[in-house]
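Colleague: Basically the working numbering = 1-based index in the sequence shown + 6.
Backbone N, C-alpha and C fix where the C-beta goes; we use that ideal spot for every residue, glycine too.
Note that the structure is a prediction, hence the values are computed from the model and not measured.
Encoded as structure tokens, here's the structure I'll be asking about.
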Amino acid sequence: MGDMDAASLAVPPAAPLPVATPLARPNDVEQASILPTSILVAPHPLLKARCRPVADTDIEQVRALLPRMFASMYNAPGIGLAAPQVGVLLRLCIVDLMPDHRKAPFVLINPEVVAESDEMASREEGCLSLPGQYAQVVRPAHVKVRFTDETGARREVEGEGLFGACLQHEIDHLDGVLFVDHISVLKRNMLMRRLAKDQRQKVR
Ligand code: NI
Numbered sequence: 007m008g009d010m011d012a013a014s015l016a017v018p019p020a021a022p023l024p025v026a027t028p029l030a031r032p033n034d035v036e037q038a039s040i041l042p043t044s045i046l047v048a049p050h051p052l053l054k055a056r057c058r059p060v061a062d063t064d065i066e067q068v069r070a071l072l073p074r075m076f077a078s079m080y081n082a083p084g085i086g087l088a089a090p091q092v093g094v095l096l097r098l099c100i101v102d103l104m105p106d107h108r109k110a111p112f113v114l115i116n117p118e119v120v121a122e123s124d125e126m127a128s129r130e131e132g133c134l135s136l137p138g139q140y141a142q143v144v145r146p147a148h149v150k151v152r153f154t155d156e157t158g159a160r161r162e163v164e165g166e167g168l169f170g171a172c173l174q175h176e177i178d179h180l181d182g183v184l185f186v187d188h189i190s191v192l193k194r195n196m197l198m199r200r201l202a203k204d205q206r207q208k209v210r
């Protein structure tokens, strides 16, 4: 997601993550002065790809990737980033609703939505892969997500409001789905044309 207003957070931030040999902590980003990886911009074909699950044999790659993803997300700044946005087709994403404070980072490995409410909610969304573009997106108001965290623990988290939308937005990325895929074709085409124009002007 893009630089959305974290003040509209409707759920309290999650408890601090356990610290036992984590794969990455936001502080690692500063300590290692890791350079942010560039974020792919739509309509890049990798953003439409379906990612494969993270396996045990991917752990070293994930370990190397996570600090770069955090650096990219905080640099943007954004509140969520999925691995395909940095060109890695693994089911992995990160979320931090308070990027200025770096206090509530989530690492979600192989996340899946295991329950969602019938009630729907509309919220303005953006995406680091569609810089400067925003649209109202309707999604289930409340979701339960199961994932593996950076310590290897299997966890469940429930989200609503900004957090719930962000979880769904990031998990969508792992199936090649962007927020614009949830809006009308007319609005999507308009937004994609505007993005292409913005990108051309940026290059000049
Ligand atoms: Ni996004």
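So is Arg-145 buried or exposed if we call it buried at 16+ other beta carbons inside 10 Å?
Modeller: Along the sequence shown, read from residue 1 onward, the residue named residue 145 stands at position 139. The residue is buried, with at least 16 neighbouring Cβ atoms inside 10 Å.
Colleague: Considering only the alpha carbon of each residue, which of Ala-61, Thr-157, Ala-127 and Ala-48 lies closest to Cys-172?
Modeller: Counted from its first residue, the sequence shown places residue 172 at position 166. When only C-alpha atoms are compared, the closest one is Ala-127.
Colleague: Along the chain, where does the beta strand (DSSP E) that runs through Arg-69 open and close?
Modeller: In the sequence shown, the residue the question calls residue 69 occupies position 63. It is not in any beta strand (DSSP E) - Arg-69 instead sits in the alpha helix (DSSP H) that spans 65-81.
Colleague: DSSP on Pro-90, reduced to helix/strand/coil?
Modeller: Along the sequence shown, one-based indexing puts residue 90 at 84. If DSSP states are grouped into helix, strand and coil, Pro-90 belongs with the helices.
Colleague: Consult DSSP for Val-47 and reduce its assignment to one of helix, strand or coil.
Modeller: In the sequence shown, counting from the first residue as 1, residue 47 sits at position 41. Coil.
Colleague: Let me know the secondary structure DSSP gives Val-35 once reduced to three states.
Modeller: As a working mapping, residue 35 is identified with position 29 in the sequence shown. For Val-35, the predicted structure reports a pLDDT of 49, less than 50, and the residue's modelled location is therefore unreliable. A value from the coordinates is still provided. Three-state DSSP puts Val-35 in a helix.
Colleague: Say the cut is 8 Å; is the CB of Glu-176 nearer than that to a heavy atom of the ligand NI?
Modeller: The residue you call residue 176 lines up with position 170 of the sequence shown. Yes, since a heavy atom of the ligand NI falls inside the 8 Å radius drawn around the Cβ of Glu-176.
Colleague: Helix, strand or coil for Cys-99? Go by DSSP, reduced to three states.
Modeller: In the sequence shown, counting from the first residue as 1, residue 99 sits at position 93. Strand, per DSSP.
Colleague: If we ignore side chains and look at the alpha-carbon of each, how far apart do Leu-69 and Val-183 end up?
Modeller: The residue labelled residue 69 in the question sits at position 63 within the sequence shown. The residue labelled residue 183 in the question sits at position 177 within the sequence shown. In the sequence under discussion, the amino acid at residue 69 is Arg, which differs from the Leu named in the question. Approximately 25 Å, taken between the alpha carbons.
Colleague: Quick check: the stretch 194-201 against the stretch 145-155, are there 3 or more CB pairs under 8 Å?
Modeller: No: the two stretches stay apart, fewer than three of their Cβ pairs being nearer than 8 Å.
Colleague: Do Leu-134 and Gln-91 count as a contact pair if the criterion is CB distance below 9 Å?
Modeller: Within the sequence shown, numbered from 1, the residue matching residue 91 stands at position 85. Within the sequence shown, numbered from 1, the residue matching residue 134 stands at position 128. Yes, they are a contact pair.
Colleague: Could you tell me if the beta carbon of Gln-142 falls within a distance shorter than 8 Å of some heavy atom in the ligand NI?
Modeller: Here residue 142 corresponds to residue number 136 of the sequence shown, with the count starting at 1. Every heavy atom of the ligand NI is 8 Å or more from the Cβ of Gln-142, so no.
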